[in-house]
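>
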Amino acid sequence: MDELLRQRIFYGALALLTLAGLGMGLAAAGAPGLAFGLFASLTLGGSLVCVWERSVVRSAFALMATFLGIAGFFVLLESDFLAMAQVLIYVGAILALILFGVMLSPPDLGERKLSRVLGGLLLVGGAVAWVGTKVAATAAWAVASPPPAGDVRGPISSAERIGVGFLAADQYVVAFELAAVVLTVALVAAVYIARRKRADIQPDSGQEGL
Amino acid sequence: MGLGAYVAVSAALFAIGIVAIIVRRNVFYILMGIEMILNAANINFVAFNRFGDNGLDGRMFAIFTIILAAAEAAVALAIVLNVFYLFDSVKPTEADLLRE
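Quick note, the sequences are listed as chains A and B, same order. By the count of the numbering used here, the first sequence reaches residue 203 at its end, each step adding exactly one. By the count of the numbering used here, the second sequence reaches residue 103 at its end, each step adding exactly one.
1) Within 10 Å of its beta-carbon, does E170 of chain A have 16 or more other beta-carbons around it, so buried, or fewer, so exposed?
2) According to the neighbour-count rule (16 or more other Cβ atoms, all chains shown, within 10 Å of its Cβ), is R(-1) of chain A buried or exposed?
3) Is there contact here, the region 41 to 59 of chain A with the region 85 to 97 of chain A, by at least three beta-carbon pairs under 8 Å?
4) By the three-class DSSP mapping on this structure, what secondary structure does N52 of chain B have?
5) Output the distance between the C-alpha atoms of T11 of chain A and L35 of chain A, rounded to the nearest integer angstrom.
6) For a test of the three-state rule: what should DSSP assign to A172 of chain A, helix, strand or coil?
7) Using the Cα positions of F48 of chain B and G61 of chain B, report the straight-line distance between them to the nearest angstrom.
8) Apart from the five residues on each side of it in sequence, which residues of its chain come closer than 8 Å, Cβ to Cβ, to F87 of chain B?
9) Please report the straight-line C-alpha distance between L6 of chain B and A76 of chain B, rounded to a whole angstrom.
10) Using a Cβ-Cβ cut-off of 7 Å, state whether G119 of chain A counts as contacting chain C.
11) Check whether the region 151 to 159 of chain A and the region 36 to 44 of chain B touch, using three or more Cβ-Cβ pairs below 8 Å as the test.
12) Just the C-alpha distance for V10 of chain B and F67 of chain A, rounded to the nearest angstrom, thanks.
13) Just confirm the distance between the C-beta atoms of V117 of chain A and A14 of chain B, as a whole number of angstroms; I'd bet it's less than 8 Å.
14) Between the Cα of L16 of chain B and those of A:A187, A:Y4, A:C43, A:G26, spot the shortest distance and give me the residue it belongs to.
15) Quick check: the Cα distance between G156 of chain A and V166 of chain A, rounded to an integer number of angstroms?
16) Is it the case that the Cβ atoms of I82 of chain A and A50 of chain B are separated by a distance below 7 Å?
17) Taking only beta carbons into account, state which residues of the region 155 to 169 of chain A come closer than 7 Å to chain B, listed in chain order.
18) Would R109 of chain A count as contacting chain B if we go by Cβ distances under 7 Å?
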């Protein structure tokens, strides 16, 4: 089977799955269901393309679709601040970091190991589905109240609540400061590690190597 | 859409992340798989928070997950740079210095 045919089969199947997801969402819950189906197919389709494609650039851009779909989920779940943070940090920063790695990674021009991809998908998917059915059969999730869908005040911004929660002394201020320290230490350490010269880390260049 | 739909999407994303880690022999796919898994966990945090008491705990968890993922990506990329200098490759199977 040649490369072009495989690509056509994969993307055709992906388009069919996307249409099926959109239709199922629309049939299940109307317009919110359609939005859910759109974000779900963005998320899952993006991650599938990421696993499938051979060059890191294409995979990284497919991962962008995944992150944007998850930001859409956060909007649907009324967490607008998280959606914004998702777009800023994941799409803006982490994806740029991964794209930086493209310079290190030659494109994988070898034969696509179709059996490995399919076998991995089937194995892991089966395992996750098995655990999922077990959990769904036993867990009794305490859904406290039906979500206040038709709240008279309209959509509430969660940014203010999160900001107050970060700074109020009896809520999350300790975790906030800890996260600040962790970020500082990790980023300074990352810069230090990344700036070492190539000669310093060759194995035969003395004790400082590793 | 109910809680179950979000949990199902999150489980599927988690599975695809695992597949990205174990199928593709490349450090960057491992990184991307880790990001997918963290994002799957984030969906669960926010969905359970929303359909539970609608408080702040789950959203705070998600924010700290994002912060730690950013720190992890930076440190991991620095390590990958050093591994590339050392082995001229980004395949984790070729980093076998301790075997000698």
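Glycine included, every Cβ here is placed at the ideal spot set by N, Cα and C. Predicted model, so just to flag it, every value in this text is computed and none were measured.
On the basis of the coordinates in this document:
1) Walking along the first sequence from the start, residue 170 of chain A turns up at place 177. Under this definition E170 of chain A is an exposed residue.
2) The count along the first sequence starts at 1 and reaches residue -1 of chain A at position 6. Classification for R(-1) of chain A: exposed.
3) Under the 8 Å Cβ criterion, the region 41 to 59 of chain A counts as touching the region 85 to 97 of chain A, having at least three qualifying pairs.
4) Working through the second sequence from its first residue, we reach residue 52 of chain B at position 49. The answer is helix: DSSP assigns N52 of chain B an H, G or I state.
5) By 1-based counting over the first sequence, the position of residue 11 of chain A is 18. By 1-based counting over the first sequence, the position of residue 35 of chain A is 42. Using only the alpha carbons, I get a separation of about 8 Å.
6) Counted from its first residue, the first sequence places residue 172 of chain A at position 179. Reduced to three states, the DSSP call for A172 of chain A is helix.
7) Residue 48 of chain B sits at position 45 when you count from the first residue of the second sequence. Residue 61 of chain B sits at position 58 when you count from the first residue of the second sequence. In a straight line, the C-alpha of F48 of chain B is about 5 Å away from that of G61 of chain B.
8) Numbered from its first residue, the second sequence carries residue 87 of chain B at position 84. So the qualifying residues of the chain are V93.
9) Here residue 6 of chain B refers to the residue found at position 3 of the second sequence. Here residue 76 of chain B refers to the residue found at position 73 of the second sequence. For L6 of chain B and A76 of chain B, the distance between alpha carbons rounds to 30 Å.
10) The chain inventory of the structure shown lacks chain C, comprising the protein chains A and B.
11) With the cut-off at 8 Å, the region 151 to 159 of chain A and the region 36 to 44 of chain B do not touch.
12) As a first step, residue 10 of chain B is located in the second sequence; it is residue number 7 there, counting from the start. As a first step, residue 67 of chain A is located in the first sequence; it is residue number 74 there, counting from the start. V10 of chain B and F67 of chain A: Cα-Cα distance of roughly 13 Å.
13) The residue you call residue 117 of chain A lines up with position 124 of the first sequence. The residue you call residue 14 of chain B lines up with position 11 of the second sequence. Their Cβ separation, rounded to whole angstroms, is 11 Å, which puts V117 of chain A and A14 of chain B out of contact at 8 Å.
14) Working through the second sequence from its first residue, we reach residue 16 of chain B at position 13. For the residues A:A187, A:Y4, A:C43, A:G26, the minimum Cα distance to L16 of chain B belongs to A:C43.
15) Residue mapping note: residue 156 of chain A aligns to position 163 of the first sequence, counting from 1. Residue mapping note: residue 166 of chain A aligns to position 173 of the first sequence, counting from 1. About 10 Å.
16) The sequence position of residue 82 of chain A within the first sequence is 89, counting from 1. The sequence position of residue 50 of chain B within the second sequence is 47, counting from 1. No, these two residues do not count as a Cβ contact at 7 Å.
17) Residues of the region 155 to 169 of chain A with a Cβ closer than 7 Å to any Cβ of chain B, in chain order: I155, G158, Y165, A168.
18) Counting from one through the first sequence, the residue named residue 109 of chain A turns up at place 116. R109 of chain A counts as touching chain B.
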